[in-house]
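Residue numbers (UniProt numbering): 1 to 156.
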């Protein structure tokens with residue numbers, strides 16, 4: 001099983017790759033443009049040059065920068081971040097690719113359906129057939145049941 005850092009690094013490099021692929025200009029030709037050849041401009045080579053960056057190294061660097069933020073020196077920012085997540089990400093814009101992952105996994109659902117589903121599952125676990133289960137065991141069973149799809153596919 002992979003560590004949380006490895007899974008975040010993989011997803012971050014995948015997000016960076018998707019972002020780089022979407023920012024590349026399309027090479028499809030428009031009708032009628034094949035007969036007219038445009039002369040290359042003086043600075044056209046800049047548009048054609050693709051940045052040669054290692055996306056895995058970029059993901060590792062972003063993750064390292066996030067993990068190395070020193071909470072003792074930034075207590076005022078952490079207090080603000082506790083009040084507003086937006087304040088944290090606005091003060092740490094250099095970690096923007098990590099923001100998408102944070103929003104994906106740390107966002108509060110807009111509806112109460114997942115929590116209601118969780119209560120009904122825990123009610124089933126605590127049925128009369130399983131009355132000897134301790135509260136910790138019920139919490140663990142419900143957590144595994146809720147996140148089983150993440151464990152099975154290796155996504156986190």
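Where a beta carbon is used, it is the ideal one built from N, C-alpha and C, also for glycine. None of the values given here were measured: they were computed from a predicted structure.
In the three-state DSSP reduction, residue 134 falls in the coil class, being neither helix nor strand.
In the DSSP assignment, residue 99 falls within the unbroken alpha helix (DSSP H) covering 96 to 106. DSSP, reduced to helix, strand and coil, places residue 39 outside both helices and strands of the structure shown, so it counts as coil.
Around residue 65, the same chain offers 94 and 95 as residues with beta carbons nearer than 8 Å, after the five sequence neighbours per side are excluded. The DSSP-derived three-state label of residue 92 is coil.
With contacts defined as CB atoms closer than 9 Å, residue 91 and residue 58 fail to qualify as a contacting pair.
In the structure shown, the three-state DSSP call for residue 147 is coil.
When secondary structure is reduced to three states using DSSP, residue 3 falls in the coil class, being assigned neither helix nor strand. In this structure, residue 140 keeps its C-beta atom at 9 Å or more from the C-beta atom of residue 118.
The three-state secondary structure of residue 57, taken from DSSP, is helix.
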